[in-house]
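Protein chains: 2
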Amino acid sequence: MSIDPDRLQPMANAIRALSMDAVQAANSGHPGMPMGMADVATILFDRHLKFDPSRPDWDDRDRFVLSAGHGSMLLYALLHLSGYARPTMDDIRNFRQLGSPCAGHPENFLLEGVECTTGPLGQGLAMAVGMAIAERHLNAEFGRDLVDHRTWVIAGDGCLMEGVNHEAIGLAGHLNLGRLIVLWDDNSITIDGTTDLSTSENIRARYEATGWHVVNCDGHDFDDIHRALKEAKEDDRPSLVACNTIIGKGAPNKQGTSATHGSPLGAEEVAAARRMLDWDAKPFEIPNAILTDWRSTGDRGRSAQAEWQVRLDGSEDRDAFEQRMEGVAEHTAAALQGHIRALAADPSKVATRKASEMALGPLTEALPQLIGGSADLTGSNNTKTAFTEPMTADDYAGRYIYYGIREFGMAAAMNGMALHGGIAPYGGTFLIFSDYCRNAIRLSALQKANVVYVMTHDSIGLGEDGPTHQPVEQLMSLRLMPNLNVYRPCDTIETAECWQLALSTSDTPAILALSRQGLPQLRGDGDAEWSADKNRCARGAYRLRASALARRVVLLATGSEVALADACAEALEKDGIGADVVSMPCLELFDAQDESYRSDLLPRDALLVSIEAGATLGWERYTGRDGLNIGIDSYGASAPAADLFAHFGFTAEAIVPQIRDALKD
Amino acid sequence: MSIDPDRLQPMANAIRALSMDAVQAANSGHPGMPMGMADVATILFDRHLKFDPSRPDWDDRDRFVLSAGHGSMLLYALLHLSGYARPTMDDIRNFRQLGSPCAGHPENFLLEGVECTTGPLGQGLAMAVGMAIAERHLNAEFGRDLVDHRTWVIAGDGCLMEGVNHEAIGLAGHLNLGRLIVLWDDNSITIDGTTDLSTSENIRARYEATGWHVVNCDGHDFDDIHRALKEAKEDDRPSLVACNTIIGKGAPNKQGTSATHGSPLGAEEVAAARRMLDWDAKPFEIPNAILTDWRSTGDRGRSAQAEWQVRLDGSEDRDAFEQRMEGVAEHTAAALQGHIRALAADPSKVATRKASEMALGPLTEALPQLIGGSADLTGSNNTKTAFTEPMTADDYAGRYIYYGIREFGMAAAMNGMALHGGIAPYGGTFLIFSDYCRNAIRLSALQKANVVYVMTHDSIGLGEDGPTHQPVEQLMSLRLMPNLNVYRPCDTIETAECWQLALSTSDTPAILALSRQGLPQLRGDGDAEWSADKNRCARGAYRLRASALARRVVLLATGSEVALADACAEALEKDGIGADVVSMPCLELFDAQDESYRSDLLPRDALLVSIEAGATLGWERYTGRDGLNIGIDSYGASAPAADLFAHFGFTAEAIVPQIRDALKD
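For the record, the sequence lines run as chains A and B.
Those letters in the first sequence? Residues 1 to 665, per the numbering used here, in order.
Those letters in the second sequence? Residues 1001 to 1665, per the numbering used here, in order.
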């Protein structure tokens, strides 16, 4: 089929009309990008993208990521026009209104066909890298009959200027992800004005320097766009297609300027654009002939989907494939049961990062979905197991990714893998460097992507590397993030239990905050409530030690401080002061328990004392204004860990007298 | 003076010996980088760096930044050998021990000569960009007689792989910072192994693509290093000097491998290295001849410093220069007084981001140190004033920087400017994107750099852009950071007061969290305690409204929720329930007040209610377990702001009944 501008131009203009009208109706939004990229997107959907609007969950569909998420109307228009059940025209009429799935930025949890949540610039492209990794890995596992799709991205100058772009394209170039194609909306405009206000970079040369194929096109010439996309598909490197476009194309007085970027065009300019585009239809009406052309575009993928289904149904790998795509949540507990029994039978004093490695052994053996990695701290994060060989450009079947010194890129890629499906990604760095990838962690949580962050060296227990490497505020600040579970286990068994929980909550990502230093095993056969079948961490907190005497104190602690709390309780009881110890590996899960469970652990008639080697703000939720909060509200220091714990008052000798004093008050 | 390897090699080997011995003694640290870069650093200090160990605070010194901060022993060795008062040999003996200024990573607050705190990879180089901007700006203002120095950086592969590198070098290339020279320790090794495990990038081509000059050298050939550094100085672009080195050079069995990166060499290998380096001296002893050569290196800068002092003393700009370098802390209150009086006389309902712009007018007029900017949100952050013209590669005298879409790079550059001196930087982005630059904010705080972050669109009040753009947990998570003041003013006057405080705390950076939406003016002549001379925000919180009836409720609120708290109090008092309103623009300053002030505002006999459109965790510090916390513990949504506030329960109609119910309990 040849390129027919007479058919394509009205289709593209339908996107322009819907975009400017929806933004105008909402009196809010970004018309410039959808109008600028309408022609490119039309060719992409009409001629290249493999998709079936009736089966948005088709595993082998191409992924399309609108990294420049502010141009959300482009995506909503494409989904509606090509025949997805949603958004309806009413949804589009309600663009940016409460309850509409057509939110200001695309949200994967509101609409099928939105592969990921975008808006925080740079991350859509970085997530697409993860999707492209997932595709190559599953292709290596199941072959091209079942897995053979591309990942397409539309990105703007903002996406390319953000630091995460460097990390993402470096990783994509290194892994030679030839089925990743980025369409760059090269319009020379950012919010503040022309791009030359802030950048003088040769973007093409930079992409080439990282192993990418680069091709240019006139983003308003259908033939030229089609040619460039074909070239991109044919090259076996990842491709950047530089689409030379005019922002807001179609708005005669404002196009080509930043005025179209983030504001409604205004009624007058919308009317002028209608004339320029030769668009007579009323707002939110699409002429039948144009809609028919769009629907034929949407229908194109049906047969491909049907053929794929036939291949799957006839494949001897069908069960394995379906199990792979189903995820790990249901299978994690079984994978760990033997391991937990063995830990109970043979207690060991190891760092919880080591305990994590011990749990990862049986997990990675049993669950092929698990793909691990680290941002260049493999030996410190203990993330690699005997069952995870490196993934390389020559062998995508590998299950361990050397992400390099790219924390943000790693986190975003993991989001992409989790959203793609068939992969359960986990990756490591030091807890302090959660700061480097924080917004990607937030996007895990917002997108309900079950990514597991293995964050080791979780306190001043890190020791000599000093304050730049010692988390203080990170634990509590991550707990503040909605829909993220922060686990801080205290020993080998809690670590295994937390891994099990982390992989079982398929809509909630997890942070595992793990110690550098060795910790005694507190759980196991000696535990009165011991059972390998009962995950005591599941309620977030539990009474690890019940006072032998009349209870006057309850010590709340997490991770490496649980053993310290136990030592304090021991000392207090020797002095005749009854003390409970409550281990609180996950505050979020504890907060979700009913009032009776919570008040049983946190009684009103006892002094409540929190002990955690981190910032205290937040612990008052559990201890009240009259409790005692042992923590660190300054930066750490460089010294051996034991010296630091003593210096910052994390010893029973330092804490017990404070408790005695508080009891006197 | 010609290059004399017979003199230089023992000098370089002194660095190697001190580094391997100190790491061995500490049984912790990173010998690989200091040993690999010893030859390069020796040429740099001996022949190029402008410095005077007796005057580490010399304003016109070259800045030397060890971006690869884990190689801290390189810096400590250089400072000691060249004759700085500290570190002493005892300090070096105590490398990585509690109390030694020779911390695991270099800390600017522990040692003179350490220009900035490094370790979080990529940020040293990014801060150096800020230092180089500061130099060019002050040069443009005061001429080369007073300001004419270079910024030198040693960076490793990690620094170059981090995303912030892309932002930093893009900015440096765009501003054509020709006096910035980066010495890249090109050793092909990272922690996980060889760099080809994780990257395939052509780094030289990437730097060239962003406008840099690139030159190579053999990092173990003194002549070649010297040549490359001369070429770098002569080129008017920023320069990357790729120094081909062997990590751990001198350790015969381990050099060239990641084994030398982050672990002691071990006694046996240290002994073997002594033989290979022909180094007979005992640990922590430097032969006199070598020390003499090093001290002559240190003495080289004395005359340059003395000549500069003569020029300064004779300059008609002397007073202006000294005032510029002195900073803004003492002059801020005076600059704002007239503005605050005018606000009181003529109340206005504007967004606090607009109120910030209004305060910035007189501030930027009075204080030439202020250099503003935004990460491509100038019109939204309201950061540009009539007194700040753009800084460009053609005009460094400008005081406004279009940072581009580079939040992390902006924050790190601001750290560099603040540490350089003579500049008081402020920069804007949306509060949500504090996530993108969070670790640089942490480095502002750790380094005691008085950077002001103008963070607008500080809640769901942002409206239609939706959850990716609406801060929820950011406010409290930033409050968790030690030595950072988070200000959230409620009206024009509080905004001016908070600006005054932000610029007056010279050892503490500040976040100004500002609204997108208009807020009524609550302060001014109507305020019983009104005085333009009394900054009520200075104590962090104050009673804005005292109950007219017997007090049963105290409402605590910040920013846009203070007016809502006032409306709630109004409604409660109509119902006969006495209620105070406490405005809490800065929790950190409030926490620093004495017990009597705090307990006066937060009495035990009233129901304490916090109202803030953000996460609630942390507010229990003020309200206790029995208080009421009105907040948002989920992600936001896309809709007009008023609809969102209603949806999330931020109306007096939704809150007052909850208070009545709580009073019944």
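By construction, the Cβ of each residue, glycine as well, lies at the ideal position given by its N, Cα and C atoms.
For this session: Look at the alpha carbon of F1321 (chain B) and the alpha carbon of E1307 (chain B), and state the distance between them as a whole number of angstroms.
Result: 16 Å
For this session: Determine the chain B residues that contact M481 (chain A) at a beta-carbon separation under 9 Å, and present them in chain order.
Result: V1472, E1473, S1477 and A1615
For this session: Keeping to the same chain, check which residues put their C-beta closer than 7 Å to that of I92 (chain A); ignore five residues upstream and five downstream.
Result: L18, A22, Y76, H80, C102 and F284
For this session: Report yes if the CB atom of R551 (chain A) is closer than 7 Å to the CB atom of D580 (chain A), and no otherwise.
Result: yes
Exercise. Going by Cα to Cα distance, which pick from A:G314, A:L601 and A:D594 is closest to M584 (chain A)?
Worked result: A:L601
Problem set entry | Cutoff 7 Å: I630 (chain A) Cβ touching any chain B Cβ | no
Exercise. Can you tell me whether S1634 (chain B) is buried or exposed, with buried defined as 16 or more other CB within 10 angstroms of its CB?
Worked result: exposed
For this session: Would you mind telling me which residues of chain B sit closer than 9 Å to D661 (chain A), beta carbon to beta carbon, in chain order?
Result: Within chain B, no residue comes near D661 (chain A); the closest Cβ sits about 16 Å away, beyond 9 Å.
For this session: Could you name the residues of chain A that Q1097 (chain B) contacts, counting a contact when the two beta carbons are closer than 9 Å?
Result: E464, S638, A639, P640 and D643
Exercise. What is the rounded straight-line gap between the Cα of Q1447 (chain B) and the Cα of G1373 (chain B)?
Worked result: 21 Å
Exercise. At which residues does the beta strand (DSSP E) containing Y402 (chain A) begin and terminate?
Worked result: Y400 to Y402
Exercise. Using a beta-carbon distance below 7 Å, is L121 (chain A) in contact with chain B?
Worked result: yes
Exercise. Is the beta carbon of G1396 (chain B) sitting closer than 7 Å to the one on R1136 (chain B)?
Worked result: In the sequence as presented, Gly is not what sits at residue 1396 (chain B); that position holds Tyr. It is a contact, given that the beta carbons lie within the stated cut-off.
Exercise. Does M1410 (chain B) have its Cβ less than 7 Å from a Cβ in chain A?
Worked result: no
For this session: Pair every Cβ in the stretch 509-528 of chain A with every Cβ in the stretch 350-362 of chain A, then say whether three or more of these pairs are closer than 8 Å.
Result: yes
For this session: Say whether chain A places a C-beta atom closer than 7 Å to the C-beta of R1206 (chain B).
Result: yes
For this session: Could you tell me which residues DSSP pairs with L514 (chain A) in its beta bridges?
Result: A:T456
Problem set entry | Below-7 Å beta-carbon distance, A209 (chain A) vs any chain B residue | yes
Problem set entry | the stretch 159-174 of chain A: positions lying closer than 7 Å to chain B by Cβ | M161, E162, G163, V164, N165, H166, E167, G170, G173 and H174
For this session: Taking I43 (chain A) as the reference, give the member of A:K354, A:T505 and A:G219 with the closest Cα.
Result: A:G219
Problem set entry | Proximity of G262 (chain A) and M35 (chain A) at Cβ, strictly below 7 Å | no
Problem set entry | R1523 (chain B) - DSSP class collapsed to helix/strand/coil | coil
For this session: Give the straight-line distance between the Cα atoms of G1032 (chain B) and P1287 (chain B), rounded to the nearest whole angstrom.
Result: 23 Å
For this session: Please check if any C-beta of chain B sits within less than 7 Å of the C-beta of N439 (chain A).
Result: yes
Problem set entry | Segment contact flag, the stretch 1644-1659 of chain B with the stretch 1547-1567 of chain B, C-beta cutoff 8 Å, min 3 pairs | yes
Exercise. Taking 7 Å as the CB-CB cut-off, is D1185 (chain B) touching chain A?
Worked result: no
Exercise. For R543 (chain A), does the three-state DSSP call read helix, strand or coil?
Worked result: strand
Exercise. What are the start and end residues of each continuous alpha helix (DSSP H) run of 4 or more residues lying completely inside the stretch 397-452 of chain A, in chain order?
Worked result: 407-420 and 438-446
Exercise. With a cut-off of 7 Å, does the C-beta of A1132 (chain B) fall near any C-beta of chain A?
Worked result: no
Problem set entry | Local conformation of T1332 (chain B) per DSSP, three classes | helix
Exercise. Ends of the beta strand (DSSP E) at L1718 (chain B)?
Worked result: Nothing in the structure corresponds to residue 1718 (chain B), since chain B is present only between 1001 and 1665.
Problem set entry | Cβ neighbour criterion (16 or more within 10 Å) applied to Q255 (chain A) | buried
Exercise. Taking 7 Å as the CB-CB limit, is L1111 (chain B) close to chain A?
Worked result: no
For this session: Identify the contact partners of N1108 (chain B) in chain A, using a Cβ-Cβ distance below 8 Å as the criterion.
Result: Per Cβ cutoff of 8 Å: no residues; N1108 (chain B) is ~11 Å from chain A at best.
Problem set entry | Residues within the stretch 360-392 of chain A neighbouring chain B, beta-carbon criterion of under 8 Å | S374, D376, L377, T378, G379, S380 and P390
For this session: Check whether the Cβ atoms of A1068 (chain B) and C1159 (chain B) lie closer than 7 Å to each other.
Result: yes
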